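Student:
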Amino acid sequence: MSLEQTEVANVITGKFPQNIGFKESSKKSERSFDGPISKAMWAKVSALDSKYPDTFDWSAYDQLYNRFGDNQPRGGVVFKTTFKLVNHHLTCTKCHYSFEIDSYGRGCMHDCTYCYAKEQLSAHGYWKRPIPFPVDLSEVRKTLYTVFETDKPSKWRDVMMKRVPLRIGSMSDSFMWMDQKYGVTKELLRMLNFYKYPYVIFTRSDLVAHEDYLPLIDPNLGSVQFSISGNNEKLTKSIEPGAPSPKRRFEALKTLADAGIWTAIRVNPLFPLRPDGYFTDKDTLLKRFGSESAIPELPLYDEGFFSDIAESKAKTVIAGFVRLSPASINSMSKAAEVDLKQFFTPEVMKGHNDKHYSDREISHYYRWFKQESLKYGFRFTTCYIGNGAKDYYQYQSLWDNKKDCCDIVGNVKSFTTTSQTVPWQERIKHASNEVAAKKGYAEDREMELIFEGKNNEPEIQL
């Protein structure tokens, strides 16, 4: 069995040892690491005059390094990108939780067929070559120490001192079962708890509710959002081959809710059941396909989905309608054995840009989900990412929490602010593409004028 096949098998079964052979010492001075990677990391963190009780096994990185020997993967076995602030980007200027970290990078074992991160990183030869790799925790430690235990400069000081909540999981899933072996996400939670830093977890993995992880999620600091696209177990397995089943995710949500943790289900992406126009322009669709029986179907969820949500005790459902690139349409069509090109209108399918549904059809789905939320007693909100800033505004009447599209502010004690409070000067400072960030700023101001009749902050000189 190849290395990748072994990792995939371990992810699906959750079979990983509980530790990797390091025996903790009771005294900090007695601890030492001098492996090919751990030596430098240990030198960095042990030089910090920190009050944080470090018990992490830094040799986990050495084990990864030694597995590859002379054939180290492209980019190495350490993921170098730590914190990110991304609400300077044109597609997410209104995102409330855009201060992010991935505890694993350059891949995800869930391997969802529609994943935008998979498509982007595959194009550059970085996706799962051959597995995701853990973030540099020594740099995370240093950043948190610098901001909260010193007066030294840090590019993250302004953001962190405002306690802008940190999103865990963006381009990968931080709770893949491989973390039982490496413990990187577990250590990240310990760090955030120590510094009383608020966080929201985005995941598809039931590892988050495992007995080793559940005690590390502070209900006053953290919230968990589970991505679940439907209750059709077979179809979900086809399009999310490495992820735990919907049943396991629903069970994990119950466990989290019983522990007093504020939870949400992200039906995001929200996939359509039928082609665009089925519910809002049926006559046109019948002309196109000839008969009702000829209209294709993607039966990812049914009416039972809403009762499953209610039984999971999730407080909120966050729906965000799907948009797909041509490549994602092809890969998902193959996996689901449904031609998704037929789901978009012929006009929309022209060109190479991402494909979207019509506003009227999207509105139908959102209002349907809103009605079901009222029927079953869970809260509802929408996510606009991928569908343009207008969607941030035009569906706010459906939100139960008008202050927060993720419905955490006011429900978790430490969540008193969001990424929206970060001024544009700060956002642009963290942008890798200043020209694109300035374009995002201009559109943000334009949308505020259109939908709010004002700008939320004075115009800045760029």
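Those letters in the sequence shown? Residues 5 to 466, per the working numbering, in order.
We put the CB at the ideal spot given by N, CA and C, even for glycine.
In this text the structure is predicted, and so the values were computed from the model without any measurement.
(1) Between which two residues does the alpha helix (DSSP H) holding residue 412 run?
(2) Hey, how far is the Cα of residue 296 from the Cα of residue 290?
(3) Excluding sequence positions up to five away, which residues of its chain have a Cβ less than 6 angstroms from the Cβ of residue 238?
(4) Within its chain, find whatever has a CB closer than 8 angstroms to the CB of residue 262; leave out the 5 residues flanking it on each side and keep chain order.
(5) In the DSSP assignment, find the beta strand (DSSP E) that holds residue 205 and state where it starts and stops.
(6) Residue 434: which of 91, 84 and 51 sits nearest, CA to CA?
(7) Since residue 321 sits in a beta bridge, which residues does DSSP pair it with?
(8) Skipping 5 residues on each side, what residues in its chain have a beta carbon closer than 7 angstroms to that of residue 158?
(9) Quick check on DSSP: helix, strand or coil for residue 78?
(10) To the nearest angstrom, how far is it from the Cα of residue 155 to the Cα of residue 165?
(11) Take residue 21 and list the residues in its own chain whose beta-carbon comes closer than 6 angstroms to its own, dropping the five residues that flank it on each side.
(12) Cα-Cα, which of 412, 294, 129 and 219 is closest to residue 202?
(13) Tell me which residue opens and which closes the beta strand (DSSP E) that residue 88 is part of.
(14) Can you tell me which residues form a DSSP beta bridge with residue 133?
(15) Can you say whether residue 216 is buried or exposed, counting buried as having 16 or more other CB atoms within 10 angstroms of its CB?
(16) Nearest to residue 178 by alpha carbon, out of 204, 279, 168 and 161?
(17) Residue 432 lies in the alpha helix (DSSP H); which residues open and close that run?
(18) Please say whether residue 274 and residue 325 have beta carbons closer to each other than 7 angstroms?
(19) Within the stretch 162–244, note down every full alpha helix (DSSP H) run reaching 4 residues or more, in order along the chain.
(20) Is the stretch 363–377 in contact with the stretch 330–338, if contact means three or more CB pairs nearer than 8 angstroms?
Tutor: Let me spell this out:
(1) Counting along the chain, residue 412 falls outside any alpha helix (DSSP H), and DSSP gives it neither H nor E.
(2) The straight-line gap separating the alpha-carbon atoms of residue 296 and residue 290 is approximately 7 angstroms.
(3) Result list for residue 238: empty, nothing under 6 angstroms.
(4) Answer for residue 262: 317, listed in chain order.
(5) Taken as a continuous stretch (DSSP letters only), the beta strand (DSSP E) holding residue 205 covers 203–207.
(6) Nearest C-alpha to residue 434 among 91, 84 and 51: 91.
(7) Beta-bridge pairing links residue 321 to 269 and 384.
(8) The answer, listed in chain order, is 147, 150 and 151.
(9) Correct three-state label for residue 78: coil.
(10) One alpha carbon belongs to residue 155, the other to residue 165, and they sit about 12 angstroms apart.
(11) Only weak support exists for where residue 21 lies, its pLDDT of 36 falling under 50; the value from the coordinates is given anyway. Result list for residue 21: empty, nothing under 6 angstroms.
(12) The shortest C-alpha to C-alpha distance from residue 202 to any of 412, 294, 129 and 219 is the one to 412.
(13) Start and end: 87–89.
(14) When beta bridges are read from the DSSP output, residue 133 appears opposite no residue.
(15) Around the beta carbon of residue 216, a 10 Å sphere encloses fewer than 16 other beta carbons of the protein chains shown; the residue is thus reported as exposed.
(16) Out of 204, 279, 168 and 161, 204 has the C-alpha closest to the C-alpha of residue 178.
(17) Taken as a continuous stretch (DSSP letters only), the alpha helix (DSSP H) holding residue 432 covers 428–433.
(18) Result yes, Cβ atoms of residue 325 and residue 274 sit closer than 7 angstroms.
(19) Runs found: 183–186, 188–198 and 237–243.
(20) The stretch 363–377 and the stretch 330–338 do not touch, with fewer than 3 CB-CB distances between them shorter than 8 angstroms.
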